[in-house]
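The structure appears below as structure tokens.
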Amino acid sequence: MRFVGIEEARSAPGLRLVIAGGVPSPWSQAAMGLFDIKGLDYVAVRLRGAAAEVKEWTGAHNAPVAIYEQEPPRTGWAEILALAERLGGVSLVPPDGPTRVRMHGLAHEILGERGLCWNIRLLLIHDSLTTGGKAGWPLAIAEYLAPKYGYEPELSDGARKDAIEVLRVLGGLLDEAEARGDDYCLGAVPSALDIYVTAGLAPLAPMPPDLCPMLPAVRHAFETLDPAVRAAVSASLLRHRDMMFQRHLTLPVRL
Numbered sequence: 075m076r077f078v079g080i081e082e083a084r085s086a087p088g089l090r091l092v093i094a095g096g097v098p099s100p101w102s103q104a105a106m107g108l109f110d111i112k113g114l115d116y117v118a119v120r121l122r123g124a125a126a127e128v129k130e131w132t133g134a135h136n137a138p139v140a141i142y143e144q145e146p147p148r149t150g151w152a153e154i155l156a157l158a159e160r161l162g163g164v165s166l167v168p169p170d171g172p173t174r175v176r177m178h179g180l181a182h183e184i185l186g187e188r189g190l191c192w193n194i195r196l197l198l199i200h201d202s203l204t205t206g207g208k209a210g211w212p213l214a215i216a217e218y219l220a221p222k223y224g225y226e227p228e229l230s231d232g233a234r235k236d237a238i239e240v241l242r243v244l245g246g247l248l249d250e251a252e253a254r255g256d257d258y259c260l261g262a263v264p265s266a267l268d269i270y271v272t273a274g275l276a277p278l279a280p281m282p283p284d285l286c287p288m289l290p291a292v293r294h295a296f297e298t299l300d301p302a303v304r305a306a307v308s309a310s311l312l313r314h315r316d317m318m319f320q321r322h323l324t325l326p327v328r329l
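The sequence shown begins at 75 in the working numbering and counts up by one.
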């Protein structure tokens with residue numbers, strides 16, 4: 075993978091990926107992780123600073139966006155995974171039906187609308203708007219994101235509860251895997267779920283600056299996230315994240 079400008083990406087053949095810039099967005103990091111583990115070549119564009127051009131090109135106003143050749147742009151985690159599977163490399167989708175269905179259900183709970191990462195975003199907005207920007211996102215960012223992602227103050231309690239519940243489910247899944255002697259969420263080999271769990275921890279347990287050199291305002295937002303949610307990140311989740319970076323993913327994190 076290499077980063078390029080928007081014009082080079084538009085004219086390039088093959089696989090192109092638009093990612094969020096300056097922030098370890100779980101959705102962007104998950105998409106890069108899929109292509110990286112598969113060993114697929116692609117060029118990447120940072121949305122930050124090129125949002126208008128990206129929207130003109132892809133029709134999307136956020137990231138990630140995966141574009142392959144002249145095919146329609148893909149923005150959802152499931153359709154990006156389907157594309158990655160079609161393009162080859164090691165399969166990240168379990169072959170047996172029950173495990174495959176379980177993986178997709180858990181993946182939705184992490185990256186889908188009203189899932190873990192969506193709820194974390196709502197809580198970062200809530201923290202900012204209720205503290206005048208002292209916690210969570212800088213106030214101007216929170217005020218921009220609030221209407222874009224349907225924030226309402228009354229949603230915060232449910233977002234907190236649901237985020238904690240998903241983290242407990244994922245932590246329990248890894249505890250069970252460790253008890254079986256498995257290194258990965260669903261068995262002895264990695265699946266897309268392992269990438270999604272790892273990417274989803276970025277705002278919950280920020281890695282040090284030498285490993286994840288995010289913008290200072292982003293680091294402050296993550297480090298002031300709702301403490302009850304951060305406390306729900308188990309030791310098994312952190313061990314799994316560290317293992318995924320040691321074996322499969324790129325450090326420092328590319329932003």
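All C-beta atoms in this analysis are idealised placements derived from N, C-alpha and C, irrespective of residue type, glycine included. All values derive from a computational prediction rather than experimental measurement.
Assuming residue i contacts residue j (C-beta within less than 8 Å), just tell me the rounded distance between them.
i	j	result
Gly95	Arg120	3 Å
Val97	Pro138	Contact flag wrong, Cβ pair sits at about 12 Å.
Ala305	Pro100	That belief does not hold up - the Cβ atoms of Ala305 and Pro100 are roughly 19 Å apart, past 8 Å.
Tyr116	Arg90	6 Å
Ala262	Asp268	With a Cβ gap of about 12 Å, Ala262 and Asp268 do not count as contacting.
Leu260	Pro168	6 Å
Which first and last residues belong to the alpha helix (DSSP H) in which residue i is found?
i	result
Ala302	Pro301 to Ala305
Val119	Taken as a continuous stretch (DSSP letters only), Val119 belongs to no alpha helix (DSSP H), being part of the beta strand (DSSP E) at Val117 to Arg120.
Leu89	Here Leu89 belongs to no alpha helix (DSSP H); instead the beta strand (DSSP E) covers Leu89 to Ile93.
Val128	Ala125 to Thr132
Met106	Pro100 to Lys112
Arg321	Ala309 to Arg321
Leu157	Trp151 to Leu161
Ser331	It is not possible to answer for residue 331, since the shown part of the chain is limited to 75 through 329.
His294	Pro290 to Glu297
Glu239	Ser230 to Arg254
Leu267	Ala266 to Gly274
Nearest CA to the CA of residue i: which residue from the options?
i	options	result
Val128	Ala83, Gly171, Ala209 and Leu244	Ala83
Ala302	Pro326, Glu252, Ala237 and Arg160	Ala237
Asp231	Arg254, Leu197, Leu213 and Ala253	Leu197
Leu285	Tyr270, Pro264, Gln320 and Ser265	Gln320
Glu143	Trp151, Gly150 and Thr132	Thr132
Arg313	Glu297, Met288, Val271 and Pro283	Val271
Pro283	Glu187, Gly162 and Arg328	Arg328
Arg234	Leu213, Asp300 and Ile111	Asp300
Val243	Leu311, Gln103 and Pro280	Leu311
Glu130	Ala216, Met281 and Glu81	Glu81
Arg315	Tyr258, Leu289 and Ala291	Tyr258
Ala181	Gly113, Ala279, Val240 and Asp249	Val240
Leu353	Ala134, Ser308 and Leu161	Only positions 75 to 329 of the chain appear in this structure, which leaves residue 353 out of reach.
Glu297	Ile215, Trp211 and Ser102	Trp211
Glu159	Ala291, Leu114 and Gly79	Leu114
Glu153	Leu213, His178 and His135	His178
What does the Cβ neighbour count give for residue i, buried or exposed, with the cut at 16 atoms within 10 Å?
i	result
Gly224	exposed
Gly207	buried
Asp201	buried
Leu325	exposed
Gly245	buried
Asp170	exposed
Ser85	exposed
Val164	exposed
Glu250	exposed
Ala209	buried
Gly377	Lying outside 75 to 329, the shown extent of the chain, residue 377 is not represented and no answer is given.
May I ask which residues mark the beginning and end of the beta strand (DSSP E) holding residue i?
i	result
Tyr142	Val139 to Tyr142
I'd like to know whether the C-beta of residue i is nearer than 9 Å to at least one C-beta of chain B.
i	result
Leu260	As a matter of chain content, chain B is missing from the structure shown, which is built from one protein chain.
Counting only runs that start and end within the segment 178-215, where is the beta strand (DSSP E) found for 3 or more residues in a row? If we require 3 residues or more, the segment 178-215 turns out to have no beta strand (DSSP E) run fully inside it.
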